[in-house]
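Right, one structure below, let's go through it.
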Amino acid sequence: KALPWSLSPFAQILPVMSEGGNVDSMDKLHGVTDFSALTSYSWNVFRYLGDYMHLAGVIVLLLTMAKNQSCAGLSMRTQVIYFLIFVTRYLDLFDHNQTAYLVFFKLTYIATSALALVVFTQMQATYERQKDTCNIVIILAACFVAAILLTNELTVLETLWTYSEFLEGFAMVPQYIFCYRDTTKDSGVTLYVIFLGGYRVFYALNWIYKKYKMPQYMDVQSWIGGLVDIAFFLDYLNYRFRGASILRSMVLRVDEKINEISDKVEL
20 KALPWSLSPF AQILPVMSEG GNVDSMDKLH GVTDFSALTS YSWNVFRYLG DYMHLAGVIV
80 LLLTMAKNQS CAGLSMRTQV IYFLIFVTRY LDLFDHNQTA YLVFFKLTYI ATSALALVVF
140 TQMQATYERQ KDTCNIVIIL AACFVAAILL TNELTVLETL WTYSEFLEGF AMVPQYIFCY
200 RDTTKDSGVT LYVIFLGGYR VFYALNWIYK KYKMPQYMDV QSWIGGLVDI AFFLDYLNYR
260 FRGASILRSM VLRVDEKINE ISDKVEL
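Just so you know, we're using the numbering used here here: the sequence shown kicks off at 20 and counts up by one.
Take a look at the structure:
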C-alpha cells in the first residue's frame, strides 16, 4: 500500500517489501494477476543486463562529451525525449514504496538526462544542428494521442506512464537520423548508441521470458515501443558496420518531407 505523501518522499529509499513482493510500475500487469509471481519473473538476468547496459550508455555519453569537449555527433533532440520519458514515467517515485535499486536508477536517469541537456547548452557552438533534423513535435504529439487512446486507466499517472512507454520507442530516432546524415565515426558516439540500443534488446528478452513464464502477461505499450526501437537499432548496426541500410533512405525522405511541411506551416 502506498504511504501518505508526507511519509513517502521518493517512496522510502530503503528496500520495502509489499504484500506481493517488490512491486514496481515497470512490473505492472493490468487486470487480475499474481503480482508475486510477476515480480519474481521480472527480476531476471535479462532485466539486470538491460538496466546496466542503459546505465553504461548514459555514462559513455557524458564521458564522450567531456573527453571531446564537444557535442559533435550527438542529437540534442534525443536527450530532450529521454528527459521527458523519465520525468513522466518516474512520478511513481511519489506513488508507492520501491527498492533502493529502483530509486537509484530512476533518480540517476532523471539527473543524468538533465545534466546532458545542460552540457548541450554549455557547448552550443559545437552542436551540429543541421544534422539533428528530426521533428520531435510529431513524435511527442503522436505518442500522446496513442497514450490517451490506449492507456489502461485514464488517470494522470497511468496516462503519463503509457505516454513514456510509447515515447521510449522513438527516443533514439533523432540520434539514428543524425547518424544517417553524419559521415564521421566517433568511437564514443558509436559505443553510446550501441549501449542505448542494446539495452532495449535485453528488455525485449525480459518480456519474452515473462510471457513464457506467465502466458497471461500483457504489456502491449512496452512491446510496441520496443519493436520500433529494436528495428531502428538493428538497421543502425547494419549501416554503421556494413555500410548498408534498409531504413536510411526512407527515413531521411520522410524526415525531409516533414520538415518541408513544417517550414511551410511556419511561413
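In this text, a Cβ means the ideal position worked out from N, Cα and C, and glycines have one as well.
- Judged by DSSP in its simplified three-state form, Ser241 adopts helix.
- One thing to note: Arg219 has its Cβ within 8 Å of the Cβ of Ile249.
- At a Cβ-Cβ threshold of 8 Å, Lys150 and Arg108 do not count as neighbours.
- Close CB contacts of Val270 within its chain, under the 7 Å cut and outside five residues either way in sequence, are with Ile196 and Tyr199 (chain order).
- At the C-beta level, Thr203 and Gly92 come within 8 Å of one another.
- Residue environment for Gln117: buried (at least 16 other C-beta atoms within 10 angstroms of its C-beta).
- Taking the Cα positions, Phe221 is about 11 Å away from Leu215.
- Classified as exposed, Pro234 has fewer than 16 neighbouring CB atoms from the shown chains inside 10 Å of its CB.
- Between Leu82 and Ala133, the alpha-carbon positions lie close to 15 Å from each other.
- In the three-state reduction of the DSSP assignment, Thr202 falls in the coil class, being assigned neither a helical nor a strand state.
- Taken in chain order, the complete alpha helix (DSSP H) segments of 4 residues or longer contained in the segment 59 to 116 are 64 to 87 and 95 to 108.
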